[in-house]
Each structure stands twice: as structure tokens, then as C-alpha cells.
Amino acid sequence: MFLSSLFFLFFTLLPTSSAHTTHSPDVLPNEPWLSKYGSQHDLSYTGILSFAHLPYLKCLEDASKTFDIAILGFPFDTTTSYRPGARFGPYAIRVGSKRLHGGATPAEWWWDLGWQASPGEFGAGILDCGDAPITPMDNAKALDQMEAAYDTLLNRPVLGGKTAAYSNRTAFMAKDGKEHPRIVTLGGDHTIVLPILRSLSKIYGPISVIHFDAHMDTGATEGRVDQERITHGSYFTIAWEEQLITNTSIHGGIRNKMSGIDSVQHDEVVGFQVITIRSRVGDGPVYLSLDIDSVDPSLASATGTPEVGGWTTREMKRILRGLTGLNFVGADIVEVAPAYDTADITSIAAADFVYEFLMMMQFDEPPKRGHPGGPWTEEDVLRMI
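If you use mature numbering (1 follows the signal peptide of the UniProt record, and there is no 0), the sequence shown corresponds to residues -19 to -1, 1 to 366, in order.
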């Protein structure tokens, strides 16, 4: 009798317990926190991790939110030639981005003195779409996964901006005449650019690439088996063979030791030269790829193939700002390997460069002379371009 009573009591209480766990999420205005302090907004060092505290959605499986610019992680590093670890780059860059956003709503980014603006002022819908789950066991499958992920987001309908300042950014370049989202990809080793270019070429045709790196990444592939041909030092050669890039692409920051003059000659065959950027890429669709090793390792040590003699972060930001107004269809930051970092210095720099990407995608020209105390003048911005 006693056991049967307990059995009855258990199943009588079970629905009540279940109902309690699914209670309405509505918060009453007279509850203590809301009445005294308002919204539960994130501080720079709190909250669930997303880039700059942006709204987060697993966009590859959920199309419920439209966007104009997406942040997408490609945690892939199995084609590196020296130090591995860039698969942890997307996470680290998000950690480094926590102080870029300082408000309770997605529009409340920290305002930037040089730009005299913030990324949230122009009405573009910016969303963190998380990371694509990429296998570390099979490079061919990993490349296909990245291409499928990029295809998925690239073909989503755009929000279209909420202001006249953000409109008609890509339709005039697209083969289908439609507006397409732009994606800022967090790598990952530099091979992630190959599936990205494969995806972009379906919409825009061959792309001009602005490539900031200590290395040319146009290595010859003759005599290698198929899976050995694709590495973070040869993906541009493959992209050229597949007619994904134009002969108006350009490098910046090259300084690694090479096998000889043949390396430079092969680089020009693949479509790269080192000349003035704007005159090189022209008015066509442009993809921006920034390897963190283009920055000097004294300022960004957390990378797989560091090379001394690189740019400072200040110089890198000047160069990026001077490129504003080009027809960017996408961008990436790659080769951040946080295991080699100190106090998140590299991750913070990488996140700040992404902030610059978001501004460049929404401005039509480089920033002008701003606040008298600001670090940039128009002449400074354009001097190195």
C-alpha cells in the first residue's frame, strides 16, 4: 500500500514539475531587477560569446533572421606547414572583440574617433552566424563543407538596410542582379579562401583579391598528388587554375624568405603584382583577405608562420581605411593561433581589424580629417595606398 501511494504521488507531481520548467519567459515590470535597473544588457566582459556581443544565430540551420553582413567562423587548420592551432582562431577573435560593443542593443557599438562613426549607425543588419562545423579528419570534405556553408549564407535574402545609407551594395556586380549578403569570415588557416572564392565566383564571376600576408601563397603544385596540392601556401595557385580570381589581384606585406626569383615570377603568372592597390583592382568585385602574420610578430605573435619586419597595427589600420570605397564582396581574417598569444594581444588586434572591415563595407570613401586630436588625417590614410 505504501509503495503504491508513492508511485501515485510521483506521477501526480510529474506534470506539475514539468509545467514549472516551461513557464512563460515574460518579465513583469514590477519585478525588482527590471524596476530598479532596466534591461539585462551585457558588459564588455560578460555574456554569451559572440562577435562584439552581436545577436547570435546558427544560420546554417536557421534562416529566421535576415542580415546584410554576417560573421562566420571557419575553424580549420589542417593544411598548415608550420605551427598549427588556427582552428581556435574564431573563438579567440570573438574573445578579443568583447570590448568593441558597449550598449544594450545591437546598434550600440563603441564609436570610433578616426571614422567619426560606428558600425551600427548605417542600418545594416549584422549577425554572428557562429562557426561551420568542419571536419579535421578529411581535407576534401572540409573544403566542401566550407563551400556549402558560404553558399548557404551568400544566397540568403538581405535585410536591405534600415537607412538609405546602406543600399545597393552588391546587386550591380552580381550576375543575377540581386543583392547578396557580405560575409566576414574568421579563420582558420589561409586555405579557407579557396572554398570562399569558389562560392563567390558563382555570384560575381572572377574576383580581384587584395591579399595582406607575409607570404605570397602562390606556391607551385606540379608533381603533387591532389590532396597535397591544396595548402595554406598554394591555394591561390589552385584558385587561378579554376579561374576564380582575376589578373588584377594584389599582395601587400610580403617579406618571407623564398626559394629564389622563380617564386616571384610564378606569383605574377598567377595574377598578382605589387603595385598601387586602387589602380590595380579597379571597379570590379573585390575580396579582402588579411593574414594576421602581415603584422609584425612583436605585436601579433599568435600565428602559425611568423615573419619579422611586419607592419604595426597602426599602419595596418591606415592601409585598410585607405581602401574604403572599393567594391568589397567579402573579407576574412586568418591564421590567428591563440595558443601562441600573450594577454590576447593578437586576438584583440584581429577583432579590431574586423571592426575596420565592417566600417569599410558601409562607407563610400576613406575617412576624412576628423577630430583635431584624432590619430588620422586624410593624407595619412592615403599615403600608403
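Note that CB positions come from ideal geometry on N, CA and C, so glycine has one too.
Within the region 8 to 64, complete alpha helix (DSSP H) segments of at least 4 residues are found at 13 to 18, given in chain order. Under DSSP, arginine 163 forms a beta bridge with Ile50. Taking the CA atoms as reference points, isoleucine 219 sits about 8 Å from leucine 175. Scanning Leu108, Phe69 and Leu140 for the CA closest to the CA of phenylalanine 57 turns up Phe69. DSSP places glycine 303 inside the alpha helix (DSSP H), whose first and last residues are 294 to 303. Measuring C-alpha to C-alpha distances from aspartate 313 to each of Val289, Ala332, Phe103 and Glu346 identifies Ala332 as the nearest.
Distance from the CA of threonine 60 to the CA of leucine 9, rounded to the nearest whole angstrom, comes to 53 Å. Secondary structure note for glycine 70: its alpha helix (DSSP H) is the uninterrupted segment 70 to 77. Going by DSSP, isoleucine 107 is part of the beta strand (DSSP E) stretching over 107 to 112. Under the DSSP definition of a beta bridge, serine 189 partners with Val267. A Cβ-Cβ contact shorter than 7 Å links alanine 67 with glycine 168. The region 318 to 338 and the region 274 to 291 touch, with three or more beta-carbon pairs separated by less than 8 Å. Linking threonine 133 to aspartate 170 through their CA atoms gives a straight-line distance of about 21 Å. Boundaries of the beta strand (DSSP E) around valine 310: 309 to 315. Of the residues assessed, alanine 105 falls on the buried side of the cut-off, its CB having 16 or more other CB atoms within 10 angstroms. Only exposed fits isoleucine 29, as fewer than 16 other CB atoms lie within 10 angstroms of its CB. With a 10 Å radius around the Cβ and a threshold of 16 neighbouring Cβ atoms, lysine 156 comes out exposed. The Cβ-Cβ distance between leucine 225 and leucine 178 falls below 7 Å. Counted as a single uninterrupted DSSP element, the stretch harbouring serine 279 is not any alpha helix (DSSP H), since DSSP gives it neither H nor E.
With three or more CB-CB distances shorter than 8 Å, the region 296 to 315 counts as touching the region 269 to 280. In the three-state DSSP reduction, isoleucine 235 falls in the coil class, being neither helix nor strand. Assignment of aspartate 325 by DSSP, reduced to helix, strand and coil, places it in the coil class. Taking the Cα positions, methionine 197 is about 36 Å away from glutamate 102.
For the region 92 to 142, the continuous beta strand (DSSP E) assignments of 3+ residues that do not extend past its boundaries occur at 107 to 112, in sequence order.
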